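Student:
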DNA sequence: GTGAAAGCGCTAACAG
DNA sequence: CTGTTAGCGCTTTCAC
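Residue numbers (the working numbering), protein chains in the order written: chain S, 123 to 473; chain C, 123 to 473.
#1: Between which two residues does the beta strand (DSSP E) containing residue 371(S) stretch?
#2: Starting from the beta carbon of residue 246(S), find every residue of chain C whose beta carbon is closer than 8 Å, and list them in chain order.
#3: How about residue 370(C) and residue 308(C): are their beta carbons less than 8 Å apart?
#4: Closest by CA to residue 358(C), which one among 319(C), 329(C) and 395(C)?
#5: On the premise that residue 346(S) lies in contact with residue 405(C), defined as a C-beta separation below 8 Å, what is that separation, rounded to the nearest angstrom?
#6: Going by DSSP in three states, residue 193(S) sits in which element: helix, strand or coil?
#7: Would you call the CB atoms of residue 374(C) and residue 402(C) closer than 8 Å?
#8: Within a Cβ cutoff of 7 Å, which residues of the same chain sit near residue 125(S), ignoring the five residues on either side of it in sequence?
#9: What residues in the segment 277 to 290 of chain C have a beta carbon less than 7 Å from any beta carbon of chain S?
#10: Here's the rule I'm using: 16 or more other beta-carbon atoms within 10 Å means buried, otherwise exposed. How should residue 442(S) be labelled?
#11: Mind pulling the chain C residues with CB within less than 8 Å of residue 410(S)?
#12: May I have the straight-line CA-CA distance separating residue 426(C) from residue 210(C), to the nearest angstrom?
#13: Since residue 316(S) and residue 272(S) should fall inside the 8 Å C-beta cutoff, what is the C-beta to C-beta distance between them, to a whole number of angstroms?
#14: Name the residue from 172(C), 151(C) and 174(C) whose alpha carbon lies nearest to the alpha carbon of residue 163(C).
#15: Does any residue of chain S bring its CB to less than 8 Å from the CB of residue 208(C)?
#16: Does the Cβ of residue 158(C) have 16 or more other Cβ atoms within 10 Å, making it buried, or fewer, making it exposed?
#17: Quick check: what's the CA-CA separation for residue 212(S) versus residue 206(S)?
#18: Could you tell me whether the Cβ of residue 146(C) comes closer than 8 Å to any Cβ of chain S?
#19: Select from 262(S), 241(S) and 294(S) the residue whose C-alpha is nearest the C-alpha of residue 279(S).
#20: If the cut-off is 7 Å on Cβ atoms, which residues from the segment 175 to 187 of chain C count as contacting chain S, listed in chain order?
#21: Residues of chain C with CB closer than 7 Å to the CB of residue 201(S), please, in chain order.
#22: Give the secondary structure of residue 454(S) by DSSP, where H, G and I count as helix, E and B as strand, and everything else as coil.
#23: Quick one: measure Cβ to Cβ for residue 264(C) and residue 191(C), integer angstroms, because I've assumed they're closer than 8 Å.
#24: Taking the alpha-carbon positions, what's the residue 237(S) to residue 366(S) distance?
#25: So what does DSSP say about residue 126(S), is it helix, strand or coil?
#26: Using a Cβ-Cβ cutoff of 8 Å, what residues of the segment 327 to 355 of chain S are near chain C? List them in chain order.
#27: Please list the terminal residues of the continuous beta strand (DSSP E) segment that includes residue 267(C).
#28: What separation, rounded to the nearest whole angstrom, lies between the Cα atoms of residue 364(C) and residue 332(C)?
#29: Could you tell me which chain C residues have their CB closer than 9 Å to the CB of residue 224(S), listed as they occur along the chain?
#30: Check the Cβ of residue 139(S) against every Cβ in chain C and list those closer than 8 Å, keeping chain order.
#31: How far does the beta strand (DSSP E) with residue 282(C) in it reach, from first residue to last?
#32: Indicate whether residue 291(C) and residue 281(C) have their beta-carbon atoms separated by less than 8 Å.
#33: One question on the structure: do residue 451(C) and residue 424(C) come within less than 8 Å of each other, judged by their Cβ atoms?
#34: Is there a C-beta anywhere in chain C that falls below 8 Å from the one on residue 241(S)?
#35: What does residue 378(S) reach in chain C if we use C-beta pairs closer than 7 Å?
#36: What does DSSP give as the partner residues of residue 342(S) in its beta bridges?
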């Protein structure tokens with residue numbers, strides 16, 4: 123009889139074929155120390171021959187550990203979140219864990235549903251970027267969580283890992299200032315988003331500390347997309363006030379939209395208007411000029427999230443907030459304010 | 123006693139609290155028909171009050187259905203695959219299924235490891251883009267599989283869904299020809315990749331059928347990335363032969379690299395050289411000029427993959443090969459061959 | 001309608 | 001070192 127068509131072999135089958143008991147087989151397969159070399163070899167041989175494959179469901183049910191981790195992000199198709207997911211994935215499979223990935227689409231109901239699914243799947247924990255601060259679904263999640271993004275302060279009881287926005291904003295603003303742009307216009311995200319509030323506050327504080335009135339910075343807002351950024355930039359240019367010479371966008375996609383809007387308006391970037399982004403997505407390099415931006419360590423956020431989660435498993439209830447440094451990525455979208463000619467800025471090795 | 127800190131309630135707890143037996147509780151929870159209205163109500167109430175949550179591990183172990191599906195793609199951080207993943211995700215959660223996502227990085231060993239993990243997790247099936255045609259790990263996967271990408275012919279026994287490359291290539295080549303570009307240069311991917319062979323063959327056939335000698339098309343190759351595309355385009359321009367006037371890249375990332383290379387070389391796109399991409403990633407719109415490209419239905423490939431997988435569960439062993447249409451996405455990277463001035467092509471409503 | 005009993009495949013105590 | 005005995009939490013007969 124060929125057993126190809128039968129259901130996959132269990133540990134019992136292996137044990138029987140190897141002439142040992144279930145438990146000895148189990149021990150051999152999990153490379154436990156206390157097994158006779160002969161038994162081990164025979165078990166392993168049979169397992170290989172029959173194509174035996176551990177049933178993780180049974181194992182998890184019994185042992186209480188599933189080796190599965192949840193990841194809930196706004197949108198896996200968004201390059202920034204995709205990068206985060208990749209980092210999480212790499213670190214997870216380094217630990218032999220599997221990742222259940224969900225996109226919430228910034229929808230609280232979806233988020234809640236996904237969290238429930240994760241709970242039912244009995245994942246060991248989850249990494250999530252909460253939709254907004256109204257989401258109560260997180261408060262009673264009941265499983266270890268590591269927050270990613272700008273949510274640390276909203277949920278101080280949960281571990282979190284994100285980029286150091288304050289440091290990143292300072293980096294951007296200082297660099298802009300060094301080029302003579304002391305009052306860049308701001309392209310912000312939607313009001314209800316945590317990330318926006320945080321960005322705004324950090325900019326505010328930074329301005330105050332430099333004796334700049336934050337209220338004097340022109341502001342426009344929109345969704346975190348190229349299209350909305352393009353529109354927002356259009357509105358900014360249409361304003362009656364003094365002409366915009368530089369823009370700091372809260373997100374690269376919007377910044378790219380801004381560059382496109384400039385082209386639409388017949389303005390040159392960076393000669394007429396400098397554009398600075400925030401995120402560091404690869405696509406920023408495709409624009410013309412290449413987008414200079416404050417890069418967040420997206421992939422590292424993902425890997426760090428997993429590390430924090432697995433670590434917190436060991437030392438229970440030790441929440442930590444990690445902030446990873448941002449770094450300036452210089453491409454060509456910034457020029458000195460005093461420049462009039464079409465000179466490209468190259469500050470790589472300058473002071 | 124507050125039971126907050128205890129482990130989560132089981133169906134036994136609920137049953138006890140509701141004053142019924144395990145099985146009645148189970149029936150009520152799974153909304154089976156044969157339960158007294160009173161019992162059902164009480165069970166549901168208790169379940170809600172205690173925060174009972176089905177243990178999927180136990181359920182799956184017993185019932186043999188896990189409601190989990192695997193997705194193995196080369197790289198979740200690649201915009202094309204991210205889009206596919208998003209489609210799969212949406213469709214999966216529409217069916218109440220969860221997705222285990224893995225990136226193989228075009229590495230056969232990783233692919234094999236991931237497939238094994240999926241098998242052990244007892245997923246219902248998997249959607250995978252095979253690393254290469256050497257990968258034997260797929261042949262003895264043992265679970266329902268739907269292939270995505272250009273792998274249908276290598277594994278005729280497996281269901282598959284992909285874009286209709288032949289149709290897409292025809293679309294691109296015909297459009298190019300209509301602009302006077304009858305012998306575009308080709309920017310191809312790595313030799314060992316299935317997708318490349320397929321692309322090449324389709325171009326070949328198409329040329330033959332139009333009395334064009336395929337061997338006369340200039341060719342360069344490289345990895346499917348912006349950097350490698352840029353390099354490959356540089357090599358193409360450096361060739362001694364007749365000057366290149368148009369390029370058909372096998373992938374958008376390479377095409378964007380080509381546009382960048384043109385800029386490097388001081389050539390204008392599309393006036394000096396037209397560039398056509400293949401994929402339809404959003405980032406193509408960020409380049410200057412915007413990348414005209416043959417768009418693949420990435421998200422639909424993902425959703426269709428899930429549909430095929432879940433369907434094949436019902437009618438066992440009915441493999442199907444689905445080819446989804448590509449569509450031309452016109453942006454600004456194509457110009458007529460005879461054009462000399464910097465005119466942008468706008469064919470939207472032309473014949 | 002309902003309950004009792006028998007496992008799904010595995011691991012974790014226990015004895016030998 | 002090894003086998004036996006219990007379950008993990010649920011679904012699923014099968015009687016009542």
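Just so it is clear, CB atoms sit at the ideal spot from N, CA and C, and this is done for glycine as well. Owing to the predicted nature of the structure, the values given are computational and were not obtained by experimental measurement.
Tutor: Taking the structure as given:
#1: Looking at the DSSP string, the run of the beta strand (DSSP E) that includes residue 371(S) is 368 to 371.
#2: None at all; the shortest Cβ gap to chain C is about 12 Å.
#3: The answer is yes: Cβ separation under 8 Å.
#4: Ranking 319(C), 329(C) and 395(C) by Cα distance to residue 358(C) puts 395(C) first.
#5: About 15 Å separates the CB atoms of residue 405(C) and residue 346(S); that is not less than 8 Å, and the two are not in contact.
#6: Looking at residue 193(S) - three-state DSSP - the assignment turns out to be strand.
#7: Going by beta carbons, residue 374(C) and residue 402(C) fall inside the 8 Å limit.
#8: Legend: pLDDT at residue 125(S) = 46, less than 50; position of this residue unreliable, no value from coordinates given.
#9: Per Cβ criterion, the list is empty.
#10: When all chains shown are included, residue 442(S) counts as exposed.
#11: Residues of chain C with a Cβ closer than 8 Å to the Cβ of residue 410(S) are, in chain order, 385, 409 and 410.
#12: Cα-Cα distance, rounded: 8 Å.
#13: Taking a contact as a CB-CB distance under 8 Å, the pair residue 316(S) and residue 272(S) counts as one, their CB atoms being some 5 Å apart.
#14: Minimum Cα distance to residue 163(C) is reached at 151(C).
#15: Judged by the 8 Å Cβ criterion, residue 208(C) is in contact with chain S.
#16: By the 10 Å Cβ count, residue 158(C) comes out exposed.
#17: Across the structure, residue 212(S) and residue 206(S) are spaced so that their CA atoms are roughly 10 Å apart.
#18: It does not; no Cβ of chain S falls within 8 Å.
#19: Out of 262(S), 241(S) and 294(S), the CA that lies nearest to the CA of residue 279(S) is found in 262(S).
#20: Considering only beta carbons, the part of the segment 175 to 187 of chain C lying closer than 7 Å to chain S consists of 175, 176, 177, 178, 179, 180, 182 and 183, in chain order.
#21: Residues of chain C whose Cβ lies closer than 7 Å to the Cβ of residue 201(S) are, in chain order, 201.
#22: DSSP places residue 454(S) in coil when its eight states are reduced to three.
#23: The C-beta distance from residue 264(C) to residue 191(C) rounds to 15 Å, too long to fall under 8 Å, and the pair is not in contact.
#24: Residue 237(S) and residue 366(S) have their alpha carbons spaced roughly 44 Å apart.
#25: Its pLDDT being 46, under 50, residue 126(S) is placed unreliably by the model, and nothing is read from it.
#26: Flagged, chain order: 348.
#27: Element bounds for residue 267(C): 267 to 270.
#28: One Cα belongs to residue 364(C), the other to residue 332(C), and the distance between them is close to 22 Å.
#29: 211, 215, 220 and 221, listed in chain order.
#30: The contacting residues do not exist; residue 139(S) stays about 19 Å from chain C at best.
#31: Note, residue 282(C): beta strand (DSSP E), 281 to 285.
#32: No, Cβ-Cβ distance for residue 291(C) and residue 281(C) is not below 8 Å.
#33: Contact: no.
#34: Closer than 8 Å: yes.
#35: Within chain C, the C-beta atoms nearer than 7 Å to that of residue 378(S) come from 408, in chain order.
#36: By DSSP's assignment, residue 342(S) forms a beta bridge with 309(S).
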